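Protein sequences, first through last, are from chains A and B. Numbering of the first sequence is given in UniProt numbering, commencing with residue 1 and proceeding in unit increments. Numbering of the second sequence is given in UniProt numbering, commencing with residue 1 and proceeding in unit increments. Virtual Cβ for every residue (Gly too), placed ideally from N, Cα, C. Bear in mind that the values here come from a model prediction, so they are computed numbers and not experimental data. To start, the structure under review is shown below, and the notes come after it.
There are 2 protein chains.
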Amino acid sequence: MLERNIAAMAAFARAHGIALRPHSKTHKSPDIARRQIAAGALGNCCAKLGEAEVMAEAGIGGLLITSPVVSAPAIERLMALLARSPDLMVTADHPDNVAALARAAAAAGRSLSVVVDIDPGMHRTGVASPEAALALARQVAAAPALRYAGVQFYCGRHQHIEAFAQRRDEITERTAYLKGIVEALTADGLKPAIVTGGGTGTHAIDAALGVFSELQVGSYVFMDHQYNVCDLRGDGRAPFEQALQIDARVVSASTPGMATIDSGLKSMATEAGAPPILSGVPDGTTFRFAGDEHARITFPDGVSGPGIDAVVTLTPPHCDPTVNLYDAYHVVKGHTLVDIWPIAGRGRSR
Amino acid sequence: MLERNIAAMAAFARAHGIALRPHSKTHKSPDIARRQIAAGALGNCCAKLGEAEVMAEAGIGGLLITSPVVSAPAIERLMALLARSPDLMVTADHPDNVAALARAAAAAGRSLSVVVDIDPGMHRTGVASPEAALALARQVAAAPALRYAGVQFYCGRHQHIEAFAQRRDEITERTAYLKGIVEALTADGLKPAIVTGGGTGTHAIDAALGVFSELQVGSYVFMDHQYNVCDLRGDGRAPFEQALQIDARVVSASTPGMATIDSGLKSMATEAGAPPILSGVPDGTTFRFAGDEHARITFPDGVSGPGIDAVVTLTPPHCDPTVNLYDAYHVVKGHTLVDIWPIAGRGRSR
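What follows is the structure, given as C-alpha cells:
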C-alpha cells in the first residue's frame, strides 16, 4: 500500500506538470525517501536541521529545511551539512537570520541556497507582508554567499479542512495572495525558481491553481484518520490507502464487556483523538486511552470480544507524531514481514 | 534538583518504614535507576518487557514488570531475561497467562516470581474480585516453576486528584478493599511477601495506611505540571522540585505580539494540556501548540517578547510521555552541562 501511495502521488504530479519534494517529517525514513525519489521526487523536505542531517547521512539529496535555522550552534551544523550536501536549501523569514546565514556561508567559503518563507496568515513562520517578502528576497539575492532559490508558502491549517469545497475556496483565496507576491518579485527581477508548499490535504487544489512549482506532500505515503475523513480531490474517493497500522495486543480481560490493550499515550499521537480500530474486535467496539501504557476497548452490549493475547489493529489518529514514537517500521506484504526499516530521523525535533 | 528529589523520597520512605521500587516508565534511564538504588530503592518497576530488557542489560536488578506479559514471543523473551536476572518479577491477572508462564518457566528449568495484580476498580489490569485474587494466588503457589511473590494494586486514576483530602478519602476506601484481600490471602496461607503499588500522587497516604510494603513512585524524580498542581502531602507544600525542563527556541517572530518556538507536538506530551512557561518570556505570555514542530507564544497587549534565537524554557505538561520522545537527557548543574544520559528505554512500549 505504501508503494501504491508513492506511485499514485508520483503519477498525479506527472499528469499535472508539478514536481514533488515530499516531506520527511512524516516518515523520518531514508528507505521511504529513496522510494519517493526513485518515483520521480526532487528530494525531500525536512522540518528541522536534525532531520536533514539524518537524511543527508543516508545519502538523500535535494533537501529543503522548511523551518528557520537560527541559533549559532545550529548554523554551524548547517554549514557542516552544506559541505556534504551542496544542493541543500534552507528557508528564512527574518533579516537577522539571513544576515547570519550570509556571514556563516561566506566564512565557510560556500554558497547556501535560501528560500524566502511567506506566512499564509497562520502566523507560524514566514514574512508577514508582500513588502517584507520583497525586502528579504533582495537581501538574499544581494548576499554574495547566498543563492536566492525562491519562496515557500505552507498553508498548514488548511490541510485538514474536511470539506473539499471549503478547502478549495480558502486555498484559492490564499494562493491569490501568493500569486501577487510572486508577480511583485518577478517584476523586481526576483522571479522565484522554486515556489514550494502544499500538502496531502491541498495537493489537488494546489496543482490545479498552477502557482506552485513543487509540492511538500507528506502524509499520503501512510494516511491516517485525520486525512481519511478529508475528501482529498473533491470526488468523494480516496486516492491513497491506509498503509500505516499499529498492532496492539490484549494484555488483560478481567472485566466482562471490555479488554485492555498494550498501546496507550506512548504508542500513538493523542492530539487527534482516538484511533479507529481496523480489525480484531466486534463491530461497534469503542476505544479509550487508559494512561501512558494502555487503552481500553469496550464491546457492544452482550457481545464478547477478544481475550488476552489477541491482536487488535489500529489506524493512527495522526501519522507524523505517531511515527515519531517508534524506532523502526515493520514492513509487511500481505501477512509476511519482508523488512524492518529504521525510523532514522525519529526524535530529531531540533 | 533530580538528586534532591531522589534523596527526599528515599528519606520519606525510610522515615515511614516503607520500601521503594521506583518506576522506570518515567525516566527510562539506567543512570537514574542506579541513583535511586544507591539511595536505598529495592530496584525498579518497568511498565513493559522491553523496558525491563533495557534496564537488565544495563545491570539494574530488582526488576518488577507491572503489566502482564502474554504473547508467546514475549514469554520467550521473558525467559531469556530471567536467565540473566533471576530476581525478576512479573505481574499476572489471568489464569491462562499464569499457566503459560508456568509452562515456560518449567521448560526453561527456572523459577519465575509472580505478583498477582488486583484491579482497584479502574478496569485496566488486575483480577476483578477477591475470589479471583485468591484463585490466582493459589494457582501461582501450586505451580512448581513459579514463586508466589505477593500482590500489586495500582490506583492510577487517583494519582492526579488535585485535592489532598479527596485523594486521601478515595485511596483509604480502596486500600480497605486491598486490606481485605491481603487478609483473605493470609488466612489461606498465602500471605503476600510483597504488597506493591502507589505512586507520586498517593505516596504519603499509602505510607500512612500501612498496607503496602513498597511504593512504585515514578514522577517524583522529575515532577511535571500535572503533579505540581497536586497537594502531595496535604500541607500545601511541594516536597519535590521541577527537575525536568524543555528548552525551546524562538525561530520566527514576524508578527507583533507573538513568536514561534521550535517545540510542538513532537517535543512534548499533549494530552495534559499546554506546558507552563518557566522562563524567557514576559509575565502573562500564553502558549498554544502550532502543529507537530512548533508552538506559538503570545505576549500580553503592548508588551514585547523575545525575538528570534531566544531560549524559552517550558515545564513538561506530563513527564513520562514527554521523556519518551527524546533520546537523551542533558544533565545540568546550575548553568553547566555536566553529563548526557541516554534515555535507553525510550520507545520500549512493548
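Query: Whole-angstrom distance between Met1 of chain A and Arg35 of chain A, CA atom to CA atom; Result: 13 Å
Query: Beta-ladder partner(s) of Cys46 of chain A, from DSSP; Result: A:Ile65
Query: Per DSSP, cross-strand counterpart(s) of Ser213 of chain B; Result: In the DSSP output, where bridge partners are listed per residue, Ser213 of chain B has none listed.
Query: Cβ neighbour criterion (16 or more within 10 Å) applied to Ser279 of chain B; Result: exposed
Query: Whole runs of the beta strand (DSSP E) within the region 245-311 of chain A, excluding any shorter than 3 residues; Result: 246-252, 258-261, 277-279, 286-289, 295-298
Query: Where Ala253 of chain B meets chain A, residues with beta-carbon distance less than 8 Å; Result: His94
Query: Cross-strand partners of Ile340 of chain B (DSSP beta bridge); Result: B:His330
Query: Own chain residues within Cβ distance below 7 Å of Pro130 of chain A, not counting five before or after; Result: Gly180, Ile181, Ala184
Query: Rounded C-alpha distance that separates Gly121 of chain B from Val323 of chain B; Result: 28 Å
Query: Best match in A:Gly17, A:Gln139, A:Phe287 for proximity to Met258 of chain A [C-alpha to C-alpha]; Result: A:Phe287
Query: Closer than 8 Å to chain B by CB, Asn44 of chain A; Result: no
Query: Inter-residue Cα distance where the pair is Cys45 of chain A and Ile18 of chain B; Result: 54 Å
Query: 6 Å CB neighbourhood of Ala58 of chain A in its chain, flanking five on each side removed; Result: Pro30
Query: With 16 other Cβ atoms within 10 Å as the buried cut-off, status of His294 of chain B; Result: buried
Query: Proximal chain B residues relative to His294 of chain A, where beta-carbon distance stays under 8 Å; Result: Ser67, Arg124, Thr125
Query: Classification of Lys191 of chain B by the beta-carbon crowding that lies within 10 angstroms, buried from 16 upward; Result: exposed
Query: Contact set for Asp224 of chain B: own chain, Cβ-Cβ below 6 Å, skip 5 residues either direction; Result: Pro316, His318, Cys319
Query: Where the beta strand (DSSP E) through Tyr220 of chain A begins and ends; Result: Where Tyr220 of chain A is concerned, there is no enclosing beta strand (DSSP E), given that its DSSP letter is neither H nor E.
Query: Chain B contact for Val281 of chain A (CB, 8 Å cutoff); Result: no
Query: When A:Lys333, A:Leu232, A:Gly264 are compared against Phe12 of chain A, the one with the closest alpha-carbon; Result: A:Leu232
Query: Proximity test, Cβ basis, 8 Å: Thr260 of chain B and chain A; Result: yes
Query: contact_flag[the region 296-309 of chain A, the region 258-268 of chain A] where n(CB pairs < 8 Å) is 3 or more; Result: yes
Query: For Asp117 of chain A, three-class secondary structure by DSSP; Result: strand
Query: C-beta atoms of Val251 of chain B and Val70 of chain A nearer than 8 Å; Result: yes
Query: Contact under 8 Å by Cβ, Ala149 of chain A with Val98 of chain A; Result: no
Query: Identity of the residue in B:Asp188, B:Gly43, B:Glu51 nearest Arg346 of chain B by Cα; Result: B:Glu51
Query: Rounded separation between Ile205 of chain B and Ile194 of chain B - CA only; Result: 18 Å
Query: Cutoff 8 Å: Ser71 of chain B Cβ touching any chain A Cβ; Result: yes
Query: Proximal residues of chain A, C-beta to C-beta of Glu271 of chain B below 8 Å; Result: Leu265, Thr270, Glu271, Phe289
Query: Backbone secondary structure at Leu88 of chain A - three-state DSSP; Result: coil
Query: Partners in chain A for Pro321 of chain B, counting only beta-carbon separations shorter than 7 Å; Result: Leu265, Lys266, Asp292
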